[in-house]
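Visitor: This note's numbering puts the last residue of the sequence shown at 357; the count rises by one with no breaks.
Provided herewith is a single structure, encoded as structure tokens, for subsequent inquiry.
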Amino acid sequence: MSETQPTDALTLSGTPRFDDDGLIPAICQDTVDGSVLMLAWMNVDALERTLTTRRAWFWSRSRAELWEKGATSGNALAVHDVRLDCDQDALLVMVSPAGPSCHTGARTCWGDDAGPLLTRLAGTIESRRGADPETSYVARLLGADRSLAASKVAEESAEVLDAVPGSDHQVEEAADVLFHLFALLARDGVDPLRVLDVLAQREGLPPRWLRDDA
Ligand SMILES: [Zn+2]
């Protein structure tokens, strides 16, 4: 939580088509994991502020006023990109969220578990923490004995290399590596999705200065 806020303004290619009320819907998507976080409305001022401050601004239809997402909750959205759809009447706002995007406290306005596969996988693994190791394999992986999760990562990695190159079997073993790698990281107290953040930074995206470290 801090430092490097981008300062250069974003540009929008194309001319937005606002509706009769002067509004355009803005879909906010997590740049790193692809989750659709929320939908809100922008007027020309909100869009302009969003592009220049690289923070998400919207128009509240109920309060009839501009509002900056996170101004009171702290759960701001750092904006990496804004683009128009094919009809120029809907915006996609690519963001890094500072915290839960929904006013209910959920990660997204469609719930905590709405999200792409790897995000759901990390959530599923986390949900098994504290489960009965007798009945939950994931709970065993997350348990005090690190050697189980660690040896599974090594074992499954070797199986990827041993599988016939290009075979379906190789892909299945690779999936096993990903699963056990996520479990090992979770077991070690690391949010597995931080791997996605590192990859995103290598793609040139700003560090997740707005996202809480898990
Ligand atoms: Zn919501």
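C-beta: ideal position from N, C-alpha, C; glycine also.
What you are looking at is a predicted structure, and each value in this text was computed from that prediction instead of being measured.
Excluding the five sequence neighbours on either side, which residues of its own chain have a C-beta within less than 8 Å of the C-beta of H246, listed in chain order?
Guide: The answer, listed in chain order, is S216.
Visitor: Hey, could you find the ends of the alpha helix (DSSP H) E191 is sitting in?
Guide: Note, E191: alpha helix (DSSP H), V187 to T196.
Visitor: For F322, report the span of its alpha helix (DSSP H) as first-last.
Guide: Note, F322: alpha helix (DSSP H), D311 to R330.
Visitor: Counting only runs of 3+ residues fully inside the stretch 191-264, write out the beta strand (DSSP E) ranges in chain order.
Guide: If we require 3 residues or more, the beta strand (DSSP E) runs fully inside the stretch 191-264 come out as 200-203, 208-211, 220-227 and 234-240.
Visitor: Can you give the beta carbon distance from A189 to W202, rounded, assuming they're within the 8 Å contact cut?
Guide: Their Cβ separation, rounded to whole angstroms, is 5 Å, which keeps A189 and W202 in contact under 8 Å.
Visitor: Check whether the Cβ of C252 sits closer than 7 Å to any heavy atom of ligand 1, and report yes or no.
Guide: Because some heavy atom of ligand 1 lies under 7 Å away, the Cβ of C252 counts as near it: yes.
Visitor: First and last residue of the alpha helix (DSSP H) that includes A282?
Guide: It spans Y280 to L284 - the alpha helix (DSSP H) in which A282 sits, taken as one unbroken run.
Visitor: What does Q344 pair with, by DSSP beta-bridge criteria?
Guide: Note: Q344 sits in no beta bridge, so no partner.
Visitor: Suppose the cutoff is 8 Å on Cβ atoms and the five residues either side in sequence are ignored; what does the same chain contact list for V281 look like?
Guide: These residues qualify, in order along the chain: T267, I268, R271, A274 and A326.
Visitor: Any heavy atom of ligand 1 closer than 7 Å to the beta-carbon of C171?
Guide: For ligand 1, not one heavy atom lies less than 7 Å from the Cβ of C171.
Visitor: Out of V175, L155 and L166, state which residue places its alpha-carbon closest to the alpha-carbon of L342.
Guide: Of the listed residues, the one whose Cα sits closest to L342 is V175.
Visitor: Could you tell me which of V222, S178, E302 and W184 sits nearest to L166, measuring between CA atoms?
Guide: That would be W184, whose Cα lies nearest to the Cα of L166.
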